[in-house]
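In this note's numbering, the protein residues as written are -10 to 438.
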């Protein structure tokens, strides 16, 4: 299988990007827009929901964490199934799960029911993002892979940003329920298009019996003259029955895997702290609810812009880990500046923009880095487990935010806290190096020094 993947990659890299690849990128962006909207929607509705239910905002910390626990389980448990049984079918199941559960949140009437719905919804969202990025990585030409995977992942932050505008337009006129309803209906409308248009993952198609009819059908839309060469399995290549998390610790991957997991852990503490509590913290600084939601949307849009810029740079750099380290240092600096300028709108908006550029842009580029780091046979598992372990940090982030809010600390001190995980992440990712065998592989060229 290894030589077949190398042949397919080389053929992709020798040709311009096809209309099918652009269409696939567009579909995955739209899919992750719905994923990002549903992931962020709770942060936008909590101020209205807390007022409607007569609760303190800090009481919703466990709801955030229940959702993130579901995201963790989805990343850890669902993505190995995607590598084993096919990314496409698992991805479609994930979309159906989080879409239907988001619709059901309209009928939530208590913290317990909302916690359960967000937990189950999180399982679907947790499996969707790494599966979508793995699918894009399969069919992107190697010279543009980081950019195209990051562009797909940008859908997540675009969806989160769109939630702020939907909340501003809907809550006052239709109530918080309408914001959830929009988040569930959109992916359900997209589902039929995904069902008929998404291809199966490359590694799964190569497990078909020759002449690989399904793969030839997909390849004909990108590489009309390419034919699947006979398989030449190498001694250290994992077979289908061996695909598991253990593959992430073989062949010299153990140390970089642990470093990547640690980087994801601290990076997602910061990211989910910010996207969960930024609207509430901005309200504490004196902004009105609609203003706080719009500034939070700016934070997410800045992340999308940052991800595109950073991915463009990453595809032109040999040492992507060094780039990510510098971006995380920037995240620490600008988080502190948000705290210093929280009560001065003239400087708050550019500080929030710069923080979003580094925090979200850096995380989306880190996601793409992880999806490119591992061989195709374990790509979804490698990305999913990095995100899954990181999700424990994303659970911790909102809990720490709720704890700091409940202690009524000054807003600037709460933002100073954000610099700590960013600094740790910069140190950790700077130490990531691919195994020597991987560096020499066509699949791993230009990942790291």
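The C-beta atom is built at its ideal place from N, Cα and C for all residues, glycine as well.
Helix, strand or coil for residue 379, going by three-state DSSP, please let me know.
-> Along the chain shown, one-based indexing puts residue 379 at 390. Looking at residue 379 - three-state DSSP - the assignment turns out to be helix.
Status (buried if at least 16 other CB within 10 Å, exposed otherwise) for residue 33 = Numbered from 1 along the chain shown, position 44 holds the residue referred to as residue 33. The residue is buried, with at least 16 neighbouring Cβ atoms inside 10 Å.
For residue 257, I'd like the list of residues in its chain whose CB is within less than 6 Å of its CB, leaving aside the five on either flank, ordered along the chain.
-> Numbered from 1 along the chain shown, position 268 holds the residue referred to as residue 257. Answer for residue 257: 379, 382 and 383, listed in chain order.
So residue 116 and residue 63 are in contact, right, with Cβ under 8 Å, and what is the actual spacing, rounded?
-> Along the chain shown, one-based indexing puts residue 116 at 127. Along the chain shown, one-based indexing puts residue 63 at 74. Right, the Cβ-Cβ distance comes to about 4 Å (below 8 Å), so this counts as a contact.
Comparing alpha-carbon positions, which option in 271, 331 and 356 lies nearest residue 297?
-> Indexing the chain shown from 1 puts residue 297 at position 308. Out of 271, 331 and 356, 356 has the C-alpha closest to the C-alpha of residue 297.
Would you say residue 391 and residue 108 are within 9 Å of each other, going by their C-beta atoms?
-> Locating residue 391 in the chain shown gives position 402, counting from the first residue. Locating residue 108 in the chain shown gives position 119, counting from the first residue. Contact: no.
Does the count of Cβ pairs from the region 285 to 297 and the region 413 to 421 closer than 8 Å reach three?
-> no
Give every residue of the same chain whose Cβ lies closer than 8 Å to the Cβ of residue 302, excluding the five residues on either side of it in the sequence, and list them in chain order.
-> Here residue 302 refers to the residue found at position 313 when the chain shown is read from its first residue. So the qualifying residues of the chain are 312.
Complete runs of the alpha helix (DSSP H) confined to the region -4 to 70 [at least 4 residues] | 8 to 42 and 50 to 62
Whole-angstrom C-beta distance between residue 76 and residue 189, which should lie under 8 Å = Within the chain shown, numbered from 1, the residue matching residue 189 stands at position 200. Within the chain shown, numbered from 1, the residue matching residue 76 stands at position 87. About 7 Å separates the two Cβ atoms, so the contact holds.
Which one of 389, 181 and 213 has the shortest CA to CA distance from residue 51?
-> As a working note, residue 51 is residue 62 in the chain shown. Among 389, 181 and 213, the Cα nearest to that of residue 51 is on 389.
Just curious, the alpha helix (DSSP H) that residue 94 is in, first and last residue?
-> Stepping through the chain shown from its first residue, residue 94 is reached at position 105. Looking at the DSSP string, residue 94 is not in any alpha helix (DSSP H), and its letter there is neither H nor E.
To the nearest angstrom, how far is it from the Cα of residue 141 to the Cα of residue 150?
-> Counting from 1 along the chain shown, the entry for residue 141 is found at position 152. Counting from 1 along the chain shown, the entry for residue 150 is found at position 161. Cα to Cα, the separation comes out at about 15 Å.
Three-state secondary structure assigned by DSSP to residue 149 = Here residue 149 refers to the residue found at position 160 of the chain shown. Here residue 149 sits in helix by DSSP.
With burial defined as no fewer than 16 other Cβ atoms inside 10 Å of the residue's Cβ, what is the status of residue 112: buried or exposed?
-> Here the question's residue 112 lines up with position 123 in the chain shown. With 16 or more other CB atoms across the displayed protein chains lying within 10 angstroms of its CB, residue 112 is buried.
Is it the case that the Cβ atoms of residue 114 and residue 87 are separated by a distance below 9 Å?
-> Position 125 of the chain shown holds residue 114. Position 98 of the chain shown holds residue 87. Cβ atoms of residue 114 and residue 87: closer than 9 Å.
Express the C-alpha separation of residue 210 and residue 182 in angstroms, rounding to a whole number.
-> Counted from its first residue, the chain shown places residue 182 at position 193. Counted from its first residue, the chain shown places residue 210 at position 221. Straight-line Cα distance between these residues: approximately 17 Å.
Residue closest to residue -2, alpha-carbon to alpha-carbon, out of 132, 179, 337 and 262 = The residue labelled residue -2 in the question sits at position 9 within the chain shown. Selected option, being the one with the closest Cα: 132.
Would you say the region 357 to 366 touches the region 24 to 32, given that touching needs at least three Cβ pairs under 8 Å?
-> A contact is defined here as three or more CB-CB pairs under 8 Å, and the region 357 to 366 fails this definition with respect to the region 24 to 32.
Pairwise C-alpha distance: residue 420 and residue 300 | Position 311 of the chain shown, counting from 1, holds the residue named residue 300. Position 431 of the chain shown, counting from 1, holds the residue named residue 420. The alpha-carbon atoms of residue 300 and residue 420 are separated by roughly 20 Å.
From residue 58 to residue 35, what does the alpha carbon distance come to, in whole angstroms?
-> Numbered from 1 along the chain shown, position 69 holds the residue referred to as residue 58. Numbered from 1 along the chain shown, position 46 holds the residue referred to as residue 35. If you take the alpha carbons of residue 58 and residue 35, they lie about 19 Å apart.
Quick one: Cα of residue 228 to Cα of residue 53, how far?
-> Taking the chain shown and counting its residues from 1, one reaches residue 228 at position 239. Taking the chain shown and counting its residues from 1, one reaches residue 53 at position 64. Only weak support exists for where residue 228 lies, its pLDDT of 49 falling under 50; the value from the coordinates is given anyway. Going from the Cα of residue 228 to the Cα of residue 53 covers about 39 Å.
Rounded to a whole number of angstroms, what is the C-alpha to C-alpha distance between residue 375 and residue 25?
-> In the chain shown, the residue the question calls residue 375 occupies position 386. In the chain shown, the residue the question calls residue 25 occupies position 36. In a straight line, the C-alpha of residue 375 is about 18 Å away from that of residue 25.
Over what stretch of residues does the alpha helix (DSSP H) that includes residue 410 continue unbroken?
-> The residue given as residue 410 occupies position 421 in the chain shown. Element bounds for residue 410: 408 to 418.
Ignore the nearest five residues each way along the sequence and tell me which others in residue 349's own chain have a CB closer than 6 Å to its CB.
-> Mapped onto the chain shown, residue 349 falls at position 360. The answer, listed in chain order, is 146 and 292.
Given 8 Å, three or more beta-carbon pairs between the region 305 to 323 and the region 396 to 413 | At 8 Å Cβ cutoff, the stretches touch.
What residue does the alpha helix (DSSP H) around residue 266 start on, and which one ends it?
-> Reading the chain shown from its first residue, position 277 is the one you call residue 266. Where residue 266 is concerned, the enclosing alpha helix (DSSP H) stretches over 243 to 273.
Could you spell out where the alpha helix (DSSP H) holding residue 336 opens and where it closes?
-> On the chain shown, residue 336 is found 347 positions in, with the first residue counted as 1. That run of the alpha helix (DSSP H) goes 334 to 362.
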